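Down below is the structure, laid out as structure tokens.
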Amino acid sequence: MIRAWRSKDLSPLLTLWMESTSFAHPFIDARYWQDSEALVRDAYLPVAKTWVWEENGELQGFISVMDAQFIGALFVRPAAIGRGIGKALMDHAKQRFNWLSLEVYQKNVRAVNFYHAQGFRIEDSAWQEETRHPTWIMNWQADQTPSA
91 MIRAWRSKDL
101 SPLLTLWMES
111 TSFAHPFIDA
121 RYWQDSEALV
131 RDAYLPVAKT
141 WVWEENGELQ
151 GFISVMDAQF
161 IGALFVRPAA
171 IGRGIGKALM
181 DHAKQRFNWL
191 SLEVYQKNVR
201 AVNFYHAQGF
211 RIEDSAWQEE
221 TRHPTWIMNW
231 QADQTPSA
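Going by the numbering used here, the sequence shown opens with residue 91, and the numbers climb by one from there.
So, in structure tokens, the structure goes:
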């Protein structure tokens, strides 16, 4: 179900991203995400390592890692949340990298709790001027996560 992203996935992935990011960030005006789509499509995806979760030919989630360490995106279709897709995608990335970092909006409590459960720890905070909202910078290291 997890496979490497392919260029033919671009349109469905952007649709999934828009649906998921709007759902996960109701505190941010939807126009911000609409204005960001070209940046995601043209600047971000071409340089990221991205894997998708596909079921019956339809994308249900994806994870993108930039610079072999920064999780720039982890999104699951809202209707598929709670089925283990996010954890499976995160585990897939953890198997390939020994250290990962991410930035998550502090108001996105579901995601913050999810990342904590995956072994990520808050290391710092930041302020996103474009959205006017604070974020957490979270890190994970392979040698600090107990195997279960």
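Cβ atoms here follow ideal geometry from the backbone N, Cα and C, with glycine treated the same way. Note that the coordinates shown come from a computational prediction; the quantities given were computed from them, not determined experimentally.
Here the alpha carbon of residue 231 sits roughly 18 Å from the alpha carbon of residue 164.
The bridge partners DSSP lists for residue 165 are 152. With a cut-off of 8 Å on Cβ pairs, the region 108-118 is in contact with the region 166-183, counting three or more such pairs. The shortest CA-to-CA distance from residue 170 to any of 139, 150, 229, 134 is the one to 150. Membership of residue 177 in the alpha helix (DSSP H) is indicated by the continuous run 175-184. In its chain, beyond the 5 residues on either side, no residue has a beta carbon closer than 8 Å to the beta carbon of residue 219. Residue 226 and residue 199 do not touch by the CB rule: their CB atoms are close to 11 Å apart, not below 8 Å.
Taking each of 207, 189, 222, 233 in turn and checking the Cα distance to residue 119, the smallest one comes out for 222. Per the C-alpha coordinates, the member of 139, 124, 122 positioned closest to residue 184 is 139.
In the DSSP assignment, residue 202 falls outside any beta strand (DSSP E) and lies within the alpha helix (DSSP H) extending over 199-207.
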